[in-house]
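For reference, the structure is listed below as structure tokens.
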Amino acid sequence: MLFHRRFAISQVPWLTLLLLTLSARGQDAGPRSPEESRRSFRLEPGVTVSCAASEPAVASPSALAFDEFGRLFVAENRGYPVGPGSGKPPVGAILELRDRDGDGRYETRVEFAAGLTFPNGLMPWRGGWLVSCAPDLIYFKDTDGDGRADLREVWFTGFATNQSTQLRACYPTLGLDGWIYMSRGWSGGIVTSPRWPGLKPVDLGRGDFRFRPDGSAAEAIGGNGQFGLAFDEFGHRFIVSNRNPLMQAVVHPREWARNPQLPFAEITEDVSPSGYDAKVFPLSVDLTTSGFMPDLMGKPHAGSYTSACGIHWYRGNALGLERQKSWFICEPAQNLVQRQVMTPNGATFRSRSATTNSDFIDSGDSWFHPVYATTGPDGALWIADMYRKFIDHPDYLPEEPRKKLDFNSGKDLGRLWRLAQSGARLDASPALRILKRGDPKQWVDLLNHRNGWVSETARRLLIQEQLRQRETGKPNDAWTSVVEARLRRLWRTDTAPSARAAALEMLKLIGVNRATIASLGFADSSGGVREVAVRSLARAPYDPVAPASSWRSSLRSLAQDPDPGVRFQVALALGDMGESADMDLMVSMGLRDAGDRWARAAVLSGVGNHAMDFAQRLIAAAQPAREEASALFRETSQMIGLRPSIADAASLLRQLAELGVGEPREDRDAALLGLAHGLRSRGWGDEQGAPLLALAQQSGDPSLPDRLDRVAGFAESRARSSSVAPASRARALLLLAEFGLPRSRAMLESLLSPSEPAAVQLAAVRSLGRFNDRSAGEILTASKRWSAYAPDVREAALSALMGSSQRALVLVEAVERGTIPVGAVDIPRRNQLRNHRDPAVREKARKAFESAVPADRRRVFEDLKPVLQLPARPARGRAVFQRLCVQCHTHSGEGARVGPDLTGVQNQPAEALLFHIIVPEAEIYPGYQSYALETKDGRTLTGLLAAETDSSVTLRQSLGAEETVSRSNISSLQASPLSLMPQGLEQTMSREELADLIAFLKEGAALR
């Protein structure tokens, strides 16, 4: 189970890892009775809560679910976090809870399955239960009616267990499309199927997992969820991680893979604010380990998600209409559950807290740890409370604090809470009676039930019965006819869109032809249903890709749909069809939704072999006033620059050189920049690294260099003009760099002045960084100029100097002369220079940076412990943070989002912060390893692996800048075996400054 995210330490100036937030009360605080805990809740007005089950009936509940008979089953993760101990059998279990006296309190436990290590998810299926318990997904069933599972069948195995017990595959969930989905829990693995040995192994290195319950397919999918997975009524999939409360897995990776030159690699979207911006409002007075170890801890943390998990989309009927279709997100570390409301935002969504200054549940009981939410047969919201003193893993703490904490305290406790609106009638019996009858017509009618649990259960029963009939080899045509007729009837009655969306997918599963489904779905009044129809029919995996010609025209008509979500799916569908006749339509869609990066990616991913045709039509449709379309022009041209054919790039360059000559055109300039970026990414350019001029000279068109020179001249005049907006001047400077004109250097040098806007200075620095010779480096390192740089400009200058061997040598020589202080070059860059591939740079750097990092870092840690006793002022520490850390870290909303947001580290012991500053290699999380990339055209890049596709790699560098490199231009790419957190950071500050820095990390949020 995953409640917290383990952050790694960086090799760029990253200060510390964002350790786990420990939830504790005080050293002397003990557990409360269920009633005492209930009274500690602050609830939304009009909501009531009751305890449905507690110890001794249940302990350490990590998940709960109900079968079609309304029976309650719970996954007990009693072994969390480290298991029962060496030589002892596993203690995890799946149990059925029974309410024998009908009072609403489940007092009797029956162990359905025992001997499990760390069970963390369960789903009812065909009379049994699918249970996630890495490395396995296991199917349990009671075949003899004694209440205990006698059938145990491993369906899939190989889910990784090399991470901690909370970083594991979890949450088996039935999707609207009939697939069963799982979150991989950040642990990966090579997954195989003992149940269906004919399936190919699935590598979960990049995404979550899904399979068809008939065993016909299994695959990795987009997204990288932790403990949580949920769908809305239209099949949109949402996942969670500790600092990212709600993320949408927007596309399947294959959508982007179909166009290897697509300049976009993201799969997920943060629909809810994340990191520091993900606000919560804890009620607990003492939520962190500070209450347990007051000598080491400072003020408690409160205010943003640190352990988001257990997400649930609620469509029950017992919390009031205003809470239907709300999202509920558990935050166990801060003893609360937040409700969020979601609204469409282009192709995706945006979500925000439903309340201000409070959450749905805030508890004053710090043993209350909600980890799982779901809807019950009664329409109420049910919460699994892993009630205990600590909800954490000892691996994430320094050794000394770890020894003092009792991670087993409360493992035999647990509560299930039931929440409803005051006065709600919690009676599931009418729906349960219908479900038990086994009448498929009534199951179909229940798709329209107001309680989402009822409709989802009815849908599952229909899918199970359809699958059972297929397995017999003798499908019941009469059953299929009855179900089809009843499903189609939903369009002739007053039904909810969710019912019709489920009906569309069900019609497809029972084999109804696509034209029939299209006639129902494409004309539906609900945009969500139309979206389901397009996604289901045109892009269904493992089905024929080409849609039937009888409904292609209907699909194309939806390209002008008023709903942007529908248009997004249509763009993906047209890309699957891959017809040149659709390029005008694709251009129109791209321009209409040019402000939505997902819509642009959907269009560009599908142009395939028609990319040049698309680009030409786009330029023909260009309008000078459409500045918002600049991103589409840039990405289209970048795609052309990445294509194998230089002839296509030259042809595009000719068109762009004639577009709006002598007038400001954001679309043209953006397209030229994109073309240059694509060419450079594949290692193409002249001796100065300037791809556009090189392309013009090799195009075979003798007039093209002159035409480009006119474009460059116009850019020069805009860059010089103080009457032009700084952002437009900056874009003009970046464009000039792509021409590599010698005359531009003097102008770029003149703009490196404090009197110029910061955006102009930064663009001038980055433009000089495009020149592959010493002179650019000498301009950047001029003594008077260097001392006048603002921090951002200085950081950009260092990045530019590190970008080539010649400029790196200039940097080292400037350090030797004292023009650039040694302290101005951060430790990661020093190490990179000391180990540079160019011997001249390497030898000079080793002499220039004589002070070596001490080998025994732990001894240094011990030597520096007295720093913690020094008087310290957080305000002074903030200045240290701004000097050393903001290039890569944020704190209280300030800084660059390269590494972890450090706001939450104020929960950590001061000694722990010091330890991870001094001994960064003590813990490294894979997502924060440093990568060194050498390109075939001689560039050196270092940063985080922000994204990768089969055709490109994107590194995120300091200040959040990203660089995408075509794999064809990669000479080497290596992950450092060391932490990204630099060794020797303490050498860049005095002991007093180190004390101040730690004080700021502990209390800095209070300064704002």
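Residue numbers for the sequence shown, in the working numbering: 359 to 1366.
Cβ atoms here follow ideal geometry from the backbone N, Cα and C, with glycine treated the same way.
Item                                                                                                                                                                                    : Value
Can you tell me which of Gly668, Ala978, Gly441 puts its alpha carbon nearest to the alpha carbon of Ala1434?                                                                           : For residue 1434 there is no data in the structure shown, the boundaries of the chain being 359 and 1366.
In chain order, which alpha helix (DSSP H) runs of at least 4 residues are fully inside the region 1162-1200?                                                                           : 1163-1175, 1185-1192
What do you reckon, are the CB atoms on Leu1169 and Gly1135 nearer than 8 Å?                                                                                                            : yes
Would you say the region 711-730 touches the region 938-955, given that touching needs at least three Cβ pairs under 8 Å?                                                               : no
Tell me the rounded alpha-carbon separation between Val1211 and Gln1345.                                                                                                                : Note on Val1211: pLDDT 45, under 50, position unreliable in the model; no value is reported.
Please report the distance separating the alpha-carbon of Met1347 from that of Gly1181.                                                                                                 : 9 Å
Count the other CB atoms within 10 Å of the CB of Gln369; is the residue buried (16 or more) or exposed (fewer)?                                                                        : Unreliable positioning characterises Gln369 in this predicted model, as indicated by a pLDDT of 29, which lies under 50. A coordinate reading is not provided.
Using the Cα positions of Pro555 and Trp513, report the straight-line distance between them to the nearest angstrom.                                                                    : 10 Å
May I ask you to report which of helix, strand or coil DSSP gives Ser412?                                                                                                               : strand
Taking all protein chains shown into account, do 16 or more other C-beta atoms lie within 10 angstroms of the C-beta of Glu627, making it buried, or fewer, making it exposed?          : buried
Measure the C-alpha to C-alpha separation of Asn1130 and Gly1161 and round it to an integer number of angstroms.                                                                        : 9 Å
CB-CB under 8 Å to Leu495, same chain, minus the five flanking residues each way: which ones, in chain order?                                                                           : Leu488, Val489, Val512, Trp513, Phe514, Thr515, Phe517, Ala527, Pro530, Met540
Taking the straight line between their C-alpha atoms, what separation do you get for Tyr900 and Pro571?                                                                                 : Summary for Tyr900: the model assigns pLDDT 40, below 50, so the residue's position carries little reliability, and this model does not support an answer.
I believe Leu865 touches Leu895 by the beta-carbon criterion, under 8 Å. Please report the beta-carbon distance rounded to the nearest angstrom.                                        : Their Cβ separation, rounded to whole angstroms, is 10 Å, which puts Leu865 and Leu895 out of contact at 8 Å.
Compare the beta carbon distance of Gly792 and Leu401 with 8 Å and say whether it is the shorter of the two.                                                                            : According to the sequence shown, residue 792 is Ile rather than Gly. Their beta carbons are not under 8 Å apart, which means Ile792 does not touch Leu401 by this criterion.
Pull up the CB-CB distance for Arg1231 and Asp1354, whole angstroms please, since I reckon it's below 8 Å.                                                                              : 6 Å
So Ala433 is in the beta strand (DSSP E); what residue range does that whole segment cover?                                                                                             : 430-434
When the Cα atoms are used, what is the spatial distance from Glu413 to Arg826?                                                                                                         : 39 Å
Please report the straight-line C-alpha distance between Leu1106 and Lys1223, rounded to a whole angstrom.                                                                              : 48 Å
Distance check for Glu434 and Val407, CA to CA, integer angstroms please.                                                                                                               : 22 Å
Would you call Thr379 buried or exposed, if buried means 16 or more other Cβ atoms sit within 10 Å of its Cβ?                                                                           : Confidence at Thr379 is low in this model, with a pLDDT of 37, below 50, so the placement of that residue should be treated as unreliable; the coordinate-derived value is given next. Flag for Thr379 reads buried.
From the DSSP output, which residues share a beta bridge with His1249?                                                                                                                  : Glu1252
Taking Cβ to Cβ, would you say Glu993 is nearer than 8 Å to Pro611?                                                                                                                     : no
Just checking, does the region 728-744 make contact with the region 808-823 on the three C-beta pairs under 8 Å criterion?                                                              : yes
Just curious, the alpha helix (DSSP H) that Ile1276 is in, first and last residue?                                                                                                      : 1268-1276
Can you list, in chain order, the residues of its chain whose CB lies under 7 Å from that of Leu867, leaving out five sequence neighbours each side?                                    : Gly536, Ile821, Gln824
Do Arg681 and Gln698 have their beta-carbon atoms positioned less than 8 Å apart in this structure?                                                                                     : no
Just how far apart, CA to CA, sit Thr701 and Phe707?                                                                                                                                    : 6 Å
Would you mind working out which of Glu1292, Glu1321, Ala861 sits nearest Ala1304, comparing C-alpha positions?                                                                         : Glu1321
By Cβ distance, which residues of its chain are closer than 6 Å to Ala1146, with the 5 residues on each side in sequence left out?                                                      : Pro1112
Check Ala939 in the structure and name its three-state DSSP category.                                                                                                                   : helix
Using a 10 Å radius around the Cβ and a threshold of 16 neighbouring Cβ atoms, would you call Gly772 buried or exposed?                                                                 : buried
Please work out which residues of its chain come closer than 7 Å, Cβ to Cβ, to Ala415, disregarding the five sequence neighbours upstream and downstream, and give them in chain order. : Leu455, Tyr464, Glu465, Thr466, Arg467
For Met605, which residues of its own chain have a beta-carbon under 6 Å away from its beta-carbon, when the five flanking residues on both sides are left out?                         : Ile597, Thr626, Asp628
From the DSSP output, in three-state form, read off Asn1327 for me.                                                                                                                     : helix
By DSSP, does His670 sit in helix, in strand, or in coil?                                                                                                                               : strand
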